[in-house]
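The numbering of the sequence shown is the numbering used here, which starts it at 2 and goes up by one. Note that beta-carbon positions come from the ideal geometry of N, C-alpha and C, so glycine has one too. A short worksheet on the structure shown next.
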Amino acid sequence: MTNKEDIFKKVISHAKEYGYVVQSSEIYDGLGAVYDYTQNGAELKKNIKDYWWKAMVQLHENIVGIDSAIFMHPTIWKASGHVDAFNDPLIDNKDSKKRYRADVLVEDYVGKLDAKIEKEVAKASKRFGDSFDEDQFLATNQRVLGYKEKGQSILKRLGKSLENEDLADVKALIEELEIACPLSGSKNWTDVKQFNLMFGTKLGASAEHSTDLYLRPETAQGIFVNFLNVQKSGRLKIPFGIAQIGKAFRNEIVARQFIFRMREFEQMEMQFFITPGTQKEWYERWKEMRMKWHLSLGMGQENYRFHDHEKLAHYADAASDIEFRFPFGFKELEGIHSRTDFDLSSHEEYSGKKLQYFDPALNKSYVPYVVETSIGVDRMFLAVLSNAYQEEELENGTTRTVLKIPAVLAPNKAAVLPLVKKDGLPELAHKIMAILKWDYNVVYDEKDAIGRRYRRQDALGTPFCITVDHDSLTDNSVTIRYRDSMEQKRVPIDLLNETIKDAVDSKNWLKALAE
Ligand code: GAP
2 MTNKEDIFKK
12 VISHAKEYGY
22 VVQSSEIYDG
32 LGAVYDYTQN
42 GAELKKNIKD
52 YWWKAMVQLH
62 ENIVGIDSAI
72 FMHPTIWKAS
82 GHVDAFNDPL
92 IDNKDSKKRY
102 RADVLVEDYV
112 GKLDAKIEKE
122 VAKASKRFGD
132 SFDEDQFLAT
142 NQRVLGYKEK
152 GQSILKRLGK
162 SLENEDLADV
172 KALIEELEIA
182 CPLSGSKNWT
192 DVKQFNLMFG
202 TKLGASAEHS
212 TDLYLRPETA
222 QGIFVNFLNV
232 QKSGRLKIPF
242 GIAQIGKAFR
252 NEIVARQFIF
262 RMREFEQMEM
272 QFFITPGTQK
282 EWYERWKEMR
292 MKWHLSLGMG
302 QENYRFHDHE
312 KLAHYADAAS
322 DIEFRFPFGF
332 KELEGIHSRT
342 DFDLSSHEEY
352 SGKKLQYFDP
362 ALNKSYVPYV
372 VETSIGVDRM
382 FLAVLSNAYQ
392 EEELENGTTR
402 TVLKIPAVLA
412 PNKAAVLPLV
422 KKDGLPELAH
432 KIMAILKWDY
442 NVVYDEKDAI
452 GRRYRRQDAL
462 GTPFCITVDH
472 DSLTDNSVTI
482 RYRDSMEQKR
492 VPIDLLNETI
502 KDAVDSKNWL
512 KALAE
């Protein structure tokens, strides 16, 4: 097992042990790719959503938020193209009987080429030491260039075959690359088939009078079909955006990697309505703005990259992913898509209703173009959690496990710890709890020695521990211990609120967006 796989396994078990995420229906042996967020996970998830909503809705005069229903008229999914085109190419291994997404098998193969490049870089960096120039190495090393070129040409061919629905060529590609079933090593594959990812359900009391519905596979359509309601009631002028956070459902075939690919998940989407012809400019601007949002959390610039799509979804004329370095490699975290007027025009056609905007500046009506930003809450949660998980060697030879979650997102902002369970210290600690709880989630802990309690809060990701000791009774001060540096400082109780606020206030984090 590689070190990275090892860390990922530890993140998953840490998430369960410390009240973040568990498998859904666990006592019934679980349900594939469905997860429940427990007490700390629910808070972290809520904080991620708030951080997004503030950045997108509150800080933009021209973006408003909505909350549309999960159930929608079934024709919507015909108009959006999901009934006909929301498919994954499937392939079965005849020996292991395991089912895979054919495109994922090929992408994983290319991922291995990327890993080889990383290995070459590591080797060369070791060899050349301080004089190593990574950019130059990547641009000139023949072996690296060979891997790069091979990866690019494979992805290009895959993109073309999928776009042309040439599933026979996808199979041919798998055979040519000699890709084997990861489980059995067998190369005995079936043909590639398409499989629709939408979940069906029924509306109505009796079988004869029921209507077939789908659980929405994206929240975006709830925005499109409400475009005119929101524009008119809000008297919004183009360019403007509509944002939404909500559940989406996909019958994923290859459900793996914990909460990375789930069957029930949440999306944070924003559709930005613009004048046709300006989509390139807005697409680039939203790519930049969304990357800034990610970087504002301080999780390391080196952990993000753009990946422009070769293979475009049925609705897009340009698309790019913001990829994050998960423990299993760089993978999609967010998508930015230039969706043209595909959705609104199609809804016009299927509903028979006009979905046009009268532009006073141009003195004409048109169907707006749309640039979309779409990020999965759960995927963002995994990015935060896996990046935060660290095992640190301390000077005294011990190891501490700490979740260095950005303080603005941390589930609990502080833990209040009386040094001992007597002498009036618990009472003073509770008084401090009563002051802080109006502004933050704070927890109280009096069990075990103080050192163990610090470690417990480190593992939970709590940015501050506030220790109440005997001196506190007379000097009205407490010791604040910082999670990341483990530094300790004496602070008057009166200044506690301010000290915490400085570190956790979203304003201080989101300021980076204006720079
Ligand atoms: N409205 C556009 C749309 O839905 P997408 O690329 O299919 O585009 C957008 O999904 C984002 O939703 C992804 O970048 C990812 O973060 C998240 N997402 C998609 N499928 C997911 C799944 N099965 N589990 C968790 N998150 C998912």
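- Contact annotation: residue 336 and residue 362 have beta-carbon atoms that are not nearer than 8 angstroms.
- Within the stretch 354-390, the runs of beta strand (DSSP E) at least 3 residues long that lie entirely inside it are, in chain order, 358-360, 365-367 and 370-377.
- Below 8 angstroms, enough C-beta pairs join the stretch 268-275 and the stretch 367-381 to call them touching: three or more.
- With a threshold of 7 angstroms, the Cβ atom of residue 307 does not count as near ligand 1, since no heavy atom of the ligand is closer than that.
- Given a length threshold of 4 residues, each whole run of the alpha helix (DSSP H) inside the stretch 37-72 is given here in chain order: 40-54.
- Following the DSSP letters along the chain, one finds residue 223 inside the alpha helix (DSSP H) bounded by residues 221-225.
- The stretch 70-79 makes contact with the stretch 200-219, as at least three CB pairs between them are under 8 angstroms.
- Inter-residue distance for residue 480 and residue 183 is about 53 angstroms (C-alpha atoms, whole angstroms).
- In the three-state reduction of the DSSP assignment, residue 478 falls in the strand class, which pools E and B.
- Distance from the Cα of residue 244 is smallest, within the candidate group 224, 105 and 287, for 224.
- For residue 205 and residue 445, the gap between their C-alpha atoms comes out near 49 angstroms.
- Counting of Cβ neighbours within 10 angstroms places residue 190 among the buried residues, the total reaching 16 or more.
- Relative to ligand 1, the beta carbon of residue 268 is positioned inside 7 angstroms of a heavy atom.
- Short of 6 angstroms from the beta carbon of residue 170, and not among the five residues preceding or following it, lie these beta carbons of its own chain, in chain order: 162.
- Residue 370 has its alpha-carbon roughly 6 angstroms from the corresponding atom of residue 276.
- Taking 8 angstroms as the cut-off, the Cβ atoms of residue 251 and residue 313 do not count as close.
- Judged by DSSP secondary structure, residue 149 falls within the alpha helix (DSSP H) whose first and last residues are 143-164.
- The residue among 155, 381, 294 and 165 with its C-alpha nearest the C-alpha of residue 263 is 381.
- Between residue 66 and residue 506, the alpha-carbon positions lie close to 22 angstroms from each other.
- Two segments are said to touch when three or more pairs of C-beta atoms, one from each, lie closer than 8 angstroms; by this definition the stretch 95-113 does not touch the stretch 284-297.
- Judged by the Cβ position, residue 324 fails to qualify as a neighbour of ligand 1 at the 7 angstroms threshold, every heavy atom of the ligand being at least this far.
- In terms of CA proximity to residue 411, 501 leads the group 501, 7, 95 and 333.
- Cβ contact annotation for residue 70 (same chain, cutoff 8 angstroms, sequence separation greater than five): 223, in chain order.
- Rounded to the nearest angstrom, the gap between the Cα atoms of residue 151 and residue 144 is 11 angstroms.
- Counting of Cβ neighbours within 10 angstroms places residue 338 among the buried residues, the total reaching 16 or more.
- The DSSP-derived three-state label of residue 192 is coil.
- If the five residues before and after residue 310 are omitted, its C-beta is found closer than 6 angstroms to the C-beta atoms of 320, all from its own chain and listed in chain order.
- Around the C-beta of residue 60, fewer than 16 other C-beta atoms lie within 10 Å, and the residue is accordingly described as exposed.
- For residue 379, the shortest C-beta to heavy atom distance toward ligand 1 is below 7 angstroms.
- If you look at residue 295, you'll find it in the alpha helix (DSSP H) that goes 280-296.
- Its Cα nearest to that of residue 316, the residue 86 stands out among 40, 140, 237 and 86.
- Your pair residue 493 and residue 414 does not check out as a contact, with CB atoms roughly 18 angstroms apart and the cut at 8 angstroms.
- In this structure, the C-beta of residue 334 approaches ligand 1 to less than 7 angstroms from one of its heavy atoms.
- Cβ atoms of residue 297 and residue 510 come within 8 angstroms of each other, at about 6 angstroms.
- Boundaries of the beta strand (DSSP E) harbouring residue 331: 330-341, taken from the DSSP string.
- For a cut-off of 8 angstroms, the C-beta gap from residue 418 to residue 430 is around 7 angstroms, short enough to register as a contact.
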